[in-house]
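Colleague:
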Amino acid sequence: MRVVLDTGIFISFLISSDGPPSEAINLWLDKQFELVSSEWQLDELKRVSRYERIQKLTTPHEVGRIVNQIKNRAVMVDDLPEVDYSPDPDDNPILATAIAGKAFYLVSGDKKDLLMLERVEDIEIISVAEFVALF
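Here the sequence shown is numbered in my numbering, starting from 2 and rising by one per residue.
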């Protein structure tokens, strides 16, 4: 099963080793599903990890380690389609990643924009708690 984890899931994982985001990452690391990502997402992860409030809660080494794990273990998609599904245009590249990677799920914590979409094309958009409960 191919899955895109929204960047916020990775940030939550870096901040805390407890809770559904950590469980989702550990399921991926245990090869329970195939992660789909893109260079766009890796760039976003690196950018967000440099926010002052995030830097206080994690280290560059931890960020680098998860970025390298994604690069080495995920299905990386390059050619992202132009999409305009989200009320927040900044969310469209993660939707494009899911579409290009033929993901079954997009897992997010974004209640305001992504989760309210529920489905885009053939991709179900679910919360991280719902996703972890599948296992």
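From the three backbone atoms N, C-alpha and C, an ideal C-beta is built for every residue, glycine too.
1) With I10 and G110 assumed to form a contact (beta carbons below 8 Å), what rounded beta-carbon distance in angstroms separates them?
2) Hey, how far is the Cα of K32 from the Cα of K57?
3) Please classify V84: does DSSP put it in a helix, a strand, or coil?
4) Using beta-carbon positions only, say whether V133 and P61 come within less than 8 Å of one another.
5) Answer with buried or exposed for D92, where buried requires no fewer than 16 other C-beta atoms within 10 angstroms of its C-beta.
6) When DSSP labels each residue in this structure, what does R175 get in the three-state scheme?
Modeller: Here's the rundown:
1) 7 Å between Cβ atoms; contact.
2) Their Cα atoms are separated by approximately 30 Å.
3) In the structure shown, V84 sits in coil (DSSP, three-state: anything other than H, G, I, E or B).
4) Not a contact, by the Cβ cut-off of 8 Å.
5) That one is buried.
6) No information on residue 175 is available, as it lies outside the stretch 2 to 136 that the chain covers here.
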